[in-house]
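This report concerns only the one structure given below.
2 protein chains.
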Amino acid sequence: MAGELAGPLSHHRRWYPDVVQQVAPPKTFDLGPGYLEPALLPVDLLRQAYADALAEFGSAALSYGPNAGALPLRTLLADRLGPPCTPDHIMVTSGTSHALHLIAAVLFRRGDLVLVEQVGYDLGHAILSDSGLRLRAVPMDASGMVPEALDRELGAAGGSRTFVYLNPTFHNPTGILVPSARRRELIEVASRHEAMIVEDDAYAELALGRSGMPDSMAGLSGYRGVIRLGSFSKSLAPGLRLGWLAADPGTVARIQAHGVFDSGGSPNHLASLAVTTLLMNGSYDWHLNWLRSCLRARRDVLVDTLRAGLGEEFTFDRPGGGFFLWLNAEGGQDEQALLTSARDAGVIVNPGSRFGRTASPGIRLAFSFNSPRRLAAAAHRLAAAWNPTDRTHSCT
Amino acid sequence: MAGELAGPLSHHRRWYPDVVQQVAPPKTFDLGPGYLEPALLPVDLLRQAYADALAEFGSAALSYGPNAGALPLRTLLADRLGPPCTPDHIMVTSGTSHALHLIAAVLFRRGDLVLVEQVGYDLGHAILSDSGLRLRAVPMDASGMVPEALDRELGAAGGSRTFVYLNPTFHNPTGILVPSARRRELIEVASRHEAMIVEDDAYAELALGRSGMPDSMAGLSGYRGVIRLGSFSKSLAPGLRLGWLAADPGTVARIQAHGVFDSGGSPNHLASLAVTTLLMNGSYDWHLNWLRSCLRARRDVLVDTLRAGLGEEFTFDRPGGGFFLWLNAEGGQDEQALLTSARDAGVIVNPGSRFGRTASPGIRLAFSFNSPRRLAAAAHRLAAAWNPTDRTHSCT
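Heads up: the sequence lines are chains A and B, in that order.
All letters in the first sequence, in the order written, are residues 0 to 395 by numbering that gives the first Met the number 0.
All letters in the second sequence, in the order written, are residues 0 to 395 by numbering that gives the first Met the number 0.
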């Protein structure tokens, strides 16, 4: 095996424990976190963005911002989202996590019900349950949440205050892109039961293919009954703590009326103006194109190396975007055994059970957190660790 | 009257509507907001701080930070707060407003009781009531909340989950600095009833006199039963959205265990590292000294001009720090009439009734949001507007 050395820390260059949330264990390839790797975080671009924001907006960038966020950013975002979205549909947040917490804390009450995907973003689910909401899982198929199942669950919930939490675009962890027809069906079902949909679209700008993208569920609904969450954590840098929510103006007004905004103003005002400059001068789109090409290279090397090395008992699609490749282990393997043998081979992966109940064991592999060379080496190790007969190429 | 022209907007230089939360009405002197005026917001210092943070921490400043905040900042803050405070006592927040919302949402439940000062920070009270808490006002005297009254209210609350929200240092709106003996009494009462104290200390670093400061209530309690809130909004810039809470490590652990931090990491990671560089290289203390001298000049010109111009029916102390001068109108005046005549004279002030129930009409004047020249002009106008016989100096 051998190949590229993992080094004392996977990401040791200026990547200090106690400064970042998570550091890979020594001598491992960490395919766990849904993070951008250090080399994909645009240090120079953001240094310039903060300098530009302070030059352009001066001390206004350092005072309290409007409760819903600075109008220049909300205007640019509304333009990107397209009609009927207007600045009044947009509220700036400290990322999608903050938006989700706000929705739970401001629009709902402890004991209210959230219907979530059977397999979904575990940390998002934890925000909701830590806010006192009851979670119930709705079955999925290869196109996402099953409308008939949602209908059933909403019917069973009766008159109780309920919303639906979905991640339809490059779903975490499965990578599914819910097609337009399914989106419309889910909107119709939720609307019929007067249940709000929260559409977590953190990965929406990270399409890696050439085919067109379905409209957002918020767009398809005309921004009625759907709150869409967006983030700059996946497309720029999570350390900014910057995202947004888009919803009908009445819902935006309800959220921003909370005293926490009257007192503190816009969440993360200076960061929002730094990103405003990137959107205004075209740097954001330039960066996004570059980032997509980097992620495409990473996805492809991971997919191709695993295809060449893994046996037929593992099935997976080439993800159309986002950060994740989802492996189905359909040969009667044991999830814990797969994790242990991966770890013994120096590769950290995320077990599917962390995200919900899967039919057969599933494994989530992030292709965002390592270089193509390291992803190839990690994939070789996984293939060797998980195959009874070693089909991998030798690295030596 | 005349004097300095207020201009088309009080703060028009790079101070755009829709970028900042609040812009003064045309042709007025706005002594309302508890903000730093544009000239006191350190644009150059913060441009350098962001550049330094990105140079020092590189991409680690752009990834997810540890849930409780980056250790370098927590270490520096713990050193400033002194023993027994350690980094485990500190959690980084997006300002005191965010901290207050977190305490209400994570540690308490809708319907729980908060005992607040009879006259206190109205927007802080709104955060608590918008979080579903019940508020009850506790009488104050010239030294702050009255311990016997607190004892009575805590006794009446019985076994219900209750905490006490206080702003003991350069109190908003009255400017009161609660003396050590009173702090100890309040801690003793709350502790006897097993009620937590939340000590909002947003103005604690803005002492303007030469005399020593009382220890914080958190410090006096040994960080047991008191959560102290600090902010860089009043000492650096509110647009950073950066503050902290200090409490016993168990309480910090409870708050940071909420899913919103597991998912999003440290609130405002990059801003926290920018401020870290300012604390490390001494710029923060240098800036604080400069800011105090600016605020001292502003306070003194406001106090001295009002002293010379107002009649004996207005009483007030020279505030020892913070942003606010509190005027008691003890000559049977009507609060609304005072507001109206001030406004007619082109000066906006805050009515005391906005902050709670006062014995006689009170007026809060912020000396943080205007230059000394403008404060002098505003004070002349107030004296002329509120005096039956004009004792003010002529400006012409």
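Note that the Cβ used here is the ideal one computed from N, Cα and C, for glycine as well.
(message) Could you compute how far the alpha carbon of Q47(A) sits from the alpha carbon of G238(A)?
(response) Taking the straight line from one Cα to the other gives about 16 Å.
(request) Grab the span of the alpha helix (DSSP H) containing S292(A) for me, first residue to last. (result) Run containing S292(A): S282 to G308, per the alpha helix (DSSP H) assignment.
(message) What are the residues in the segment 56-72 of chain B lying within 9 Å of chain A by C-beta distance?
(response) For the segment 56-72 of chain B, the set of residues with a beta-carbon nearer than 9 Å to any beta-carbon of chain A comprises F56, G57, S58, A59, A60, L61, S62, Y63, G64, P65, N66, A69, L70 and P71, in chain order.
(message) Short of 6 Å in beta carbon distance, which residues of its chain neighbour G94(B), apart from the five on each side in sequence? Order them along the chain.
(response) Within the same chain, and ignoring the five residues on either side of G94(B) in sequence, the residues whose Cβ sits closer than 6 Å to its Cβ are S230, S232, R240 and G242.
(message) When you measure from the CB of D343(A) to every non-hydrogen atom of the ligand MN, does any distance come out below 7 Å?
(response) Looking at this structure, you won't find the ligand MN or any other ligand, since it has none at all.
(message) Taking only three categories from DSSP, how would you classify S220(B)?
(response) For S220(B), the three-state secondary structure derived from DSSP is coil.
(message) I need the DSSP call for Y164(B), collapsed to helix, strand or coil.
(response) In this structure, Y164(B) counts as strand in the three-state DSSP scheme.
(message) Our contact map puts S58(B) next to L228(A) with C-beta atoms below 8 Å; I'd like the distance itself, whole angstroms only.
(response) For a cut-off of 8 Å, the C-beta gap from S58(B) to L228(A) is around 25 Å, too long to register as a contact.
(message) Quick check on the DSSP output: the beta strand (DSSP E) that includes R135(B) runs from which residue to which?
(response) Note, R135(B): beta strand (DSSP E), R133 to V137.
(request) Can you tell me which of A328(A), A246(A) and T161(A) puts its alpha carbon nearest to the alpha carbon of F107(A)? (result) Ranking the options by Cα distance to F107(A), first place goes to T161(A).
(message) Short of 7 Å Cβ to Cβ, which residues in the segment 235-269 of chain A face chain B?
(response) Those residues of the segment 235-269 of chain A that come within reach of chain B (Cβ to Cβ, closer than 7 Å) are A236, P237, G238, L239, R240, H257, G258, V259, D261, S262, G263, G264, P266, N267, H268 and L269.
(request) Determine the chain B residues that contact H97(A) at a beta-carbon separation under 7 Å, and present them in chain order. (result) Per Cβ cutoff of 7 Å: V259 and G263.
(message) In whole angstroms, give me the CA-to-CA distance for V42(B) and A307(A).
(response) Rounded to whole angstroms, V42(B) to A307(A) spans 55 Å at the Cα level.
(message) I need the boundaries of the beta strand (DSSP E) containing A256(A), first residue and last residue.
(response) For A256(A), no beta strand (DSSP E) encloses it, and the DSSP letter there is neither H nor E.
(message) I want to verify the contact list: residues of chain B whose CB lies under 7 Å from the CB of H170(A), in sequence order.
(response) Correct list: empty, because the minimum Cβ distance to chain B is about 16 Å.
(message) Mapping the DSSP letters down to three states, classify D111(A) as helix, strand or coil.
(response) In this structure, D111(A) counts as coil in the three-state DSSP scheme.
(request) Flag this pair as yes or no: are the beta carbons of Y222(B) and C84(B) separated by less than 8 Å? (result) Their beta carbons are under 8 Å apart, which means Y222(B) touches C84(B) by this criterion.
(request) State yes or no: is the beta carbon of L287(A) nearer than 8 Å to at least one beta carbon in chain B? (result) Cβ-Cβ to chain B under 8 Å: no for L287(A).
(request) Would you tell me roughly how many angstroms separate the C-alpha atoms of N171(B) and F323(B), rounded to the nearest one? (result) Answer to the nearest angstrom: the Cα atoms are 7 Å apart.
(message) I'd like the ranges of any alpha helix (DSSP H) spanning at least 4 consecutive residues and lying wholly in the segment 64-127 of chain B.
(response) The segment 64-127 of chain B contains these whole alpha helix (DSSP H) runs: 70-80 and 94-101.
(message) If I follow the unbroken alpha helix (DSSP H) through L364(A), where does it start and stop?
(response) Looking at the DSSP string, L364(A) is not in any alpha helix (DSSP H); the run it does join, the beta strand (DSSP E), is G361 to A365.
(message) As a quick exercise: from Q332(B), Y34(B) and P16(B), pick the residue whose alpha carbon is nearest that of E311(B).
(response) For E311(B), the nearest C-alpha among the options comes from Q332(B).
(request) With 8 Å as the threshold, decide whether the Cβ of H100(A) is near any Cβ in chain B. (result) Judged by the 8 Å Cβ criterion, H100(A) is in contact with chain B.
(request) Would you kindly work out how many angstroms separate the C-alpha atoms of L80(A) and S282(A), rounded to a whole number? (result) Roughly 18 Å separates the two Cα atoms.
(request) Check the DSSP bridge columns for S230(A) and list the partner residues they point to. (result) The partner list for S230(A) (beta bridge, DSSP) reads G242(A).
(message) When you compare the CB positions of D121(A) and F315(A), do they come within less than 8 Å of one another, or not?
(response) One thing to note: D121(A) has its Cβ no nearer than 8 Å to the Cβ of F315(A).
(request) Pull out every residue of the segment 21-39 of chain B whose Cβ sits closer than 9 Å to any Cβ of chain A, in chain order. (result) Listed by position, the residues of the segment 21-39 of chain B near chain A (Cβ gap below 9 Å) are Q21, P32, Y34, L35, E36, P37, A38 and L39.
(message) Can you check which of these residues, A54(A), I89(A), A103(A) and P86(A), is closest to G258(B) by C-alpha distance?
(response) The alpha carbon of G258(B) has as its nearest neighbour, out of A54(A), I89(A), A103(A) and P86(A), the alpha carbon of A103(A).
(request) List the residues of chain B that A104(A) touches, going by C-beta distances under 7 Å, in chain order. (result) Residues of chain B passing the Cβ test: A104.
(request) Could you tell me the boundaries of the alpha helix (DSSP H) in which V42(B) lies? (result) Segment V42 to F56, the alpha helix (DSSP H) holding V42(B).
(request) Kindly give me the distance between the Cβ atoms of Y63(A) and H268(A), rounded to whole angstroms, as I take these residues to be in contact under 8 Å. (result) Right, the Cβ-Cβ distance comes to about 7 Å (below 8 Å), so this counts as a contact.
(message) Given a cut-off of 8 Å on the beta-carbon distance, is the pair L364(A) and L326(A) in contact?
(response) Cβ distance < 8 Å, so L364(A) and L326(A) count as in contact.
(message) Assuming the contact rule is C-beta atoms closer than 8 Å, T275(B) and V118(B) should be a hit. Round their C-beta distance to whole Å, please.
(response) Incorrect: roughly 36 Å between the Cβ atoms, too far for contact.
(message) Can you tell me which residues form a DSSP beta bridge with M195(A)?
(response) Bridge pairing for M195(A): F162(A) [DSSP].
(request) Flag this pair as touching only if the segment 146-156 of chain A and the segment 180-190 of chain A have three or more C-beta atom pairs under 8 Å; answer yes or no. (result) Yes: the two stretches touch, three or more of their Cβ pairs being nearer than 8 Å.
(message) I'd like the list of long-range same chain contacts for Q335(A), defined as Cβ closer than 8 Å, with 5 residues on each side in sequence excluded.
(response) Cβ within range, chain order: P350.
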